[in-house]
Each structure stands twice: as structure tokens, then as C-alpha cells.
Amino acid sequence: MGRSSSLSLCVCVCVCEERRSSLTLIMTSISEWYAGKNVLITGATGFMGKVLMEKLLRSCPDVNALYILVRPKAGQSMSERVQDMMKCKLFDRVREDNPDFHQKIIPISSELTQPGLAISPEDVQTLTSCINIVFHCAATIRFDEPLKHALQLNVIATQQLLSLAQQMQHLQAFIHISTAYANCNRRHIDEVIYPLPVEPKKLIDSLEWMDDSIIRDITPHLIGDRPNTYTYTKALAECVVQQESGKLNIGIIRPSIVGASWQEPFPGWIDNFNGPSGVFIAAGKGILRTMRASNDAVADLIPVDVVINLTLAAGWYTAVHRPKTALVYNCTTGGINPFHWGEIEHHVMSTFKRNPLEQAFRRPNANITSSYLIYQYWILVSHKFPALIYDLFLRLSGQKPQMMRIFNRLHKAIGLLEYFSSQDWEWNSDNMNMLMSQLSADDRKTFNFDVRQLNWPEYIENYCIGTKKYVLNEDMSDIPAARQHLRKLRNIRYTFNTVLLVFIWRVFIARSQMARNIWYFVVSLCYKFLSYFRASSTLTQ
Ligand SMILES: CCCCCCCC/C=C\CCCCCCCC(=O)SCCNC(=O)CCNC(=O)[C@H](O)C(C)(C)COP(=O)(O)OP(=O)(O)OC[C@H]1O[C@@H](n2cnc3c(N)ncnc32)[C@H](O)[C@@H]1OP(=O)(O)O
Ligand SMILES: NC(=O)C1=CN([C@@H]2O[C@H](COP(=O)(O)OP(=O)(O)OC[C@H]3O[C@@H](n4cnc5c(N)ncnc54)[C@H](OP(=O)(O)O)[C@@H]3O)[C@@H](O)[C@H]2O)C=CC1
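Here's what the structure looks like:
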């Protein structure tokens with residue numbers, strides 16, 4: 004055999020080897036791919052970060068280690084926080100499978116708003132030498148965050164994390180969690196990164212020297228037709244990810260309104276008051292009686308386990324297929340399996356009537372309306388008036404009034420949410436469908452993000468019960484007592500209405516002949532109606 008032919012055979016063997024190994028890589032299941040990998044997670048102490056860790060530990064048990072960036076908070080050190088977190092009920096299934104699961108979690112002290120993310124040089128060394136995949140979940144999700152702080156965390160920290168990622172020698176994918184509402188100033192949202200009128204770097208430079216009061220004044224001009232600093236800075240973060248990605252393999256996940264879990268690790272897991280959860284709880288407690296929302300608008304809720312399954316699958320796909328440009332995944336339900344705010348209201352109310360929350364303020368009975376005038380009327384009659392009476396009662400019984408303060412906070416919160424509950428958006432979800440088609444049958448089951456199978460009434464019921472069990476820590480065995488409390492509230496209401504009627508009678512009706520005549524006329528009309536219906540129902544029997 005000549006030299007050239009042996010060389011071409013060698014090249015051929017090499018190419019075949021390479022093809023085979025890339026084919027094996029493509030054929031590996033998601034959990035096989037995560038085996039032996041070192042994963043870096045930001046925002047691990049948050050709602051989605053915790054579910055992400057849980058799923059990785061449970062469904063990819065051979066993952067090597069989860070490095071999580073954590074800061075000390077509320078008087079707790081970093082390690083105390085992590086220890087507390089691992090005791091959380093969310094990890095029960097993982098604990099059952101592997102009681103030593105905590106050994107795989109390696110906390111790294113970091114404050115994302117500080118230069119260099121405040122990571123020590125030794126930790127930077129560790130991370131740059133071992134991390135294979137990054138999931139960037141940390142963010143401030145408050146709608147009322149001052150622009151400078153939202154920019155610091157949502158944009159500058161993302162920029163710094165990307166520059167750390169550039170130094171990672173074995174990094175295969177960088178997954179950034181954005182929001183489907185980053186471009187909520189558009190009605191139709193494609194899976195692309197939309198340009199912004201302002202260059203993120205220039206904005207960062209200019210805000211650095213500006214006084215807080217000047218920033219406050221120019222914020223409305225900067226955010227333009229977006230409703231808050233959150234959506235604006237999340238859009239800026241996407242641009243930064245695109246601009247600073249360099250040679251990294253990037254995936255961007257855009258979930259809509261993330262709600263309680265659908266199936267995993269158990270139905271209804273939720274641990275915060277954000278978005279709809281706070282509204283559901285306030286309605287279940289009988290505090291919230293009205294909210295501005297459109298009955299017919301699509302409620303684009305997405306269960307947290309669906310988002311996390313898609314995120315892990317996107318991590319695998321990004322690392323294995325290395326798309327040339329960042330792939331954006333709109334992770335929404337509206338276009339695939341739509342459900343509306345009116346239907347949500349119905350199912351939330353029905354669930355809380357059957358499974359009442361403890362110590363409710365009033366019987367749960369909330370109505371949504373898109374009319375500003377009707378909303379203002381109910382705010383006055385069903386929120387402010389009862390709050391005033393209750394505070395008066397508290398004052399008279401020597402206690403501190405508190406109800407009006409609670410209602411003022413509630414009004415602020417629902418005021419910030421109504422932008423999202425009063426209109427519809429249309430998201431393209433081609434990349435989510437493409438990703439689903441790339442999964443093996445087993446992976447499609449283990450990392451299920453097919454929301455066509457979601458049964459909304461059942462999901463909303465589990466969601467409400469989840470808020471009761473996991474957010475409010477109420478016991479299901481106390482439901483009879485909660486029902487008894489609701490009966491007591493009903494009796495108070497009947498008594499109150501009767502007293503009010505007698506009062507109105509004494510003050511207005513009993514004093515004027517004309518009012519008495521009108522009153523007798525109305526009563527006799529009601530009596531005739533009743534007799535007519537009774538007679539006609541007897542005839543039809
Ligand atoms: C019958 C029902 C019918 C339903 C009808 C429609 C429902 C529509 C619902 C929703 C639609 C759309 C949702 C958004 C879509 C976007 C999605 C995303 O991309 S991101 C995620 C979204 N982010 C947020 O949800 C952050 C929103 N929250 C905030 O911005 C702040 O929390 C704010 C301004 C609302 C309140 O700020 P403060 O400073 O007054 O209060 P603070 O510090 O946050 O909380 C104080 C206490 O109150 C509780 N709390 C917070 N929010 C609550 C709430 N909504 N209800 C009750 N308690 C709440 C907290 O747990 C905290 O408790 P302690 O003091 O620690 O014991
Ligand atoms: N929840 C939702 O409905 C949606 C969320 N998203 C996106 O998903 C991601 C996760 O959201 P979610 O889990 O709900 O948010 P959470 O508020 O529950 O979690 C935020 C996380 O970020 C961390 N963090 C915040 N500030 C800092 C800081 N200065 N230094 C270090 N860590 C910090 C928090 O840590 P700590 O515990 O120390 O405060 C926490 O772990 C976000 O990027 C959000 O934009 C997108 C769409 C909807």
C-alpha cells in the first residue's frame with residue numbers, strides 16, 4: 004500500500020471515529036450526558052433554581068457536582084442557608100433515593116452585584132477549571148425595582164458571568180433564563196433577540212455616574228412602552244448575552260408566568276407569593292375580592308417543572324449540537340393549550356370553597372373585571388369599606404389597626420400585575436417543538452415539557468392546594484375547622500346585612516310615606532314573583 008493511500012485510510016478512519024463519537028454523543032440520553040458533569044447554577048436559592056437542582060439530582064443521579072453561587076442573607080451565612088435549603092420538602096424524593104445528595108452540592112460565596120461577582124480567586128480557579136455547563140437563573144424579579152439595581156443584577160451580573168464563562172476551559176453550554184415578557188411591548192413575539200434603541204454598554208456607562216434622582220426621572224423614558232424595569236432589564240440582558248457570547252454555545256429560555264409544579268417532584272409545589280400565587284392566596288383568604296383582568300385574555304401560566312425540563316433539555320441540546328447562534332426558546336402555553344383568566348378565576352374560587360384556607364378574612368368570592376369603573380366600585384365596597392370597619396373594630400378592642408395597610412399593599416401589587424392579566428400575547432414556539440422532536444421517547448417522558456397534556460382544572464386545583472400546603476404551611480387535616488370558620492363568617496355577614504337593613508328602614512323608609520309606598524310595592528312584587536314561580540313549578544311536576 005502506498006503512502007498516500009495509507010494516509011487517506013488513516014484520515015478516513017479518523018473521520019469515521021469522529022463521526023461515530025459525535026453520533027454517540029448525539030444519541031446519548033439527557034441523563035447520560037449530564038453524567039460526570041460539573042454544573043454551575045446562579046439563583047439556586049430561588050424558586051426555579053431549587054427545582055432545577057432537585058430535578059438534576061433526581062433524574063441525572065450521575066451528575067458530578069452542582070456548584071451554586073449563594074450569598075449570605077437575612078443574618079444567615081451562606082452555609083446555613085444551603086443547609087436549610089436542603090432540608091426543604093422539595094428534596095424529599097431525592098433524599099429518599101440518595102440520603103447523601105448534599106455532597107454533590109458545592110456552595111460558592113458570591114454577591115452578584117459586586118465587581119467580579121465577589122467570587123474569591125481560589126473559587127474562580129476551581130470554576131474555570133471544572134465547569135461544563137452554566138445555568139444563569141439569578142435575577143431580581145420585582146417589578147418596582149429601581150432601574151440602577153435591576154440593571155446591576157439583571158444586566159451587569161449577566162455580563163460578568165459571561166466573562167467568567169469565557170475563561171472556563173471545559174464549558175460546553177451557557178443557558179440564560181430570560182422571560183417571555185422581555186419583549187412585552189410587542190404583540191407577536193418570535194424566538195429571536197430583538198434589538199433595543201439603546202446600546203446596553205452605553206447605558207451601563209452613563210447610569211454609573213448618574214445621581215439616583217436623575218435615574219428615577221429618566222426611567223420612564225428609557226423603559227418606553229414596557230411596563231416596568233424588570234422586563235426592560237431582562238430585554239437588555241438578552242442583548243448582552245448575544246453581544247458577549249463570543250465562542251460560547253448559548254441557549255436562552257423565555258418562560259411566561261411560572262406557576263406551581265404540574266407533576267414533579269409532586270403536583271402543586273410552590274414556595275412564593277410572586278405573580279398569580281399571591282393573587283390566589285389573597286383571594287382564598289377572602290381579602291382580594293376584585294382585580295382588573297380580562298376574562299377572555301389568555302392566562303399564559305407555565306408549570307415550573309415544565310420550564311425546568313425544557314431548560315435541562317436545552318442544556319443538553321446546546322452542548323451536543325452547538326448551534327452557531329444563540330437559540331431562544333419561548334416557553335409558553337397560550338399558543339398550544341390556551342386557558343383564560345376567567346376560567347382561572349372560576350377554578351380558583353371553586354377550589355378554595357372546597358378546600359378553604361385557615362382564618363380567612365371573608366368568604367372567598369373574587370371577581371375579575373376589565374372595567375375601570377366597576378373595579379373602582381368594588382375596591383371601595385369590597386376592600387376599603389370592610390377594611391375600615393375591621394380596623395375600627397381593632398381600635399375599639401385596643402389593638403393596632405392593620406387591614407387598611409394590608410389592602411394598600413395589595414392594591415399596589417395587583418396594580419403592577421394588571422398589565423399582564425389584561426391583554427394577550429402570541430409567542431412562536433418552534434424551537435420548543437424542534438427540541439421535543441430531538442428527544443428520545445424515554446427522554447420525552449423523563450423531561451416532559453409537552454403542555455398539550457396539561458389538564459388545566461386539575462392543575463389549578465393542585466396549584467391552589469399547593470399554596471395552602473407549601474406557602475402557608477397549612478395542614479389539610481384542618482380543613483373542617485376552616486370550613487367552620489367560613490360558616491361563622493357567613494353568619495356574621497347575614498347578621499350584618501340584617502342590621503344594615505333594619506337601620507336603613509328606620510332612618511330612611513319609616514320616615515317618609517313615599518318611601519314606604521315604594522318599599523311595599525317592591526315587597527309585593529317580589530311576593531308575586533315568588534308565588535308565580537312556585538305555582539308554575541307545581542304545574543310542571
Ligand atoms: C381569583 C384569581 C383570579 C386571577 C386573576 C389574575 C391574576 C394575575 C396574576 C398575575 C399576572 C402576571 C404575572 C407577571 C408575569 C411576569 C412573569 C415574569 O417574568 S417574573 C415573575 C413575576 N414577578 C413577580 O411576580 C414579582 C412581583 N412582586 C413585586 O414586584 C413586589 O413583591 C411587590 C411590588 C408586588 C410588593 O412589594 P413590597 O415591597 O410591598 O412587598 P415585598 O417585600 O415583595 O413582600 C412583603 C411581604 O408580602 C408578601 N407578598 C409579596 N407579594 C405578595 C402578594 N402578591 N400577595 C400577598 N403577599 C405578598 C411577601 O412574601 C412578604 O412577606 P414577608 O414580609 O417576607 O413575610
Ligand atoms: N417566576 C417567574 O414567574 C418567572 C421567572 N423568570 C426568570 O426566572 C429566573 C428565576 O426566577 P425565580 O426563581 O422565580 O426568582 P426568585 O426571586 O425566586 O430567585 C432569584 C434568585 O436570584 C438570586 N439573587 C438575587 N439577587 C442576588 C444577588 N445580588 N446575588 C446573588 N444572588 C442573587 C436569589 O438569591 P437570594 O435567595 O440570595 O435572594 C435567588 O436565588 C429569573 O431570571 C427570572 O427572571 C422568567 C419568567 C417568569
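Numbering (the working numbering), first residue to last: 4 to 544.
Note that the Cβ used here is the ideal one computed from N, Cα and C, for glycine as well.
Note that the structure is a prediction, hence the values are computed from the model and not measured.
Check                                                                                                                        : Outcome
Minimum length 4: unbroken alpha helix (DSSP H) runs contained in the region 100 to 176                                      : 124 to 133, 150 to 154, 160 to 169
Residue burial classification, Trp212 (beta-carbon count within 10 angstroms, cutoff 16)                                     : exposed
Phe524 versus Trp381 - alpha carbon distance                                                                                 : 29 Å
Proximity to Gln163 [Cα-Cα], best of Pro118, Cys467, Cys140                                                                  : Pro118
Beta-bridge pairing of Gly254 - partner residues as DSSP gives them                                                          : Ile178, Leu330
Beta-bridge partners of Leu72, as assigned by DSSP                                                                           : Thr45, Ile111
CB of Gln266 within 7 Å of CB of Asp308, strictly                                                                            : yes
N- and C-terminal bounds of the alpha helix (DSSP H) containing Thr501                                                       : 482 to 507
Reference Cys334, options Phe452, Ser62, Gln516, closest by Cα                                                               : Phe452
Inter-stretch contact at 8 Å, needing at least 3 Cβ pairs: the region 319 to 327 / the region 164 to 184                     : yes
Gly50 CB to nearest heavy atom of ligand 2 below 6 Å                                                                         : As written in the sequence, residue 50 is Phe, which differs from the Gly given in the question. Within the cutoff, so yes.
Collapsed DSSP secondary structure at Gln79 in the structure displayed                                                       : strand
Cys91: CB within 6 Å of a non-hydrogen atom of ligand 2                                                                      : no
Within 7 Å, strictly: CB atoms of Lys107 and Leu69                                                                           : yes
Same chain, Cβ closer than 7 Å to Tyr535, neighbours up to 5 away in sequence not counted                                    : none
Buried or exposed by the 16-neighbour rule on C-beta atoms within 10 Å, applied to Asp446                                    : buried
heavy atom of ligand 2 below 6 Å from Val261 C-beta                                                                          : yes
Any 3 or more C-beta pairs closer than 8 Å across the region 148 to 163 and the region 386 to 402                            : no
Three CB pairs or more closer than 8 Å across the region 485 to 499 and the region 293 to 300                                : no
Beta-carbon spacing of Asn275, Arg325 below 7 Å                                                                              : no
Near ligand 2: Ile159 beta-carbon under 6 Å from a heavy atom                                                                : no
Cβ-based neighbour list, Leu413, same chain, cut-off 7 Å, excluding 5 preceding and 5 following                              : Ala285, Ile290, Leu291
Thr236, enclosing alpha helix (DSSP H) - first and last residue                                                              : 232 to 246
Beta-carbon contacts of Ser264 that lie in its chain and below 6 Å, excluding the five residues immediately before and after : Trp272, Pro306, Val307, Asp308
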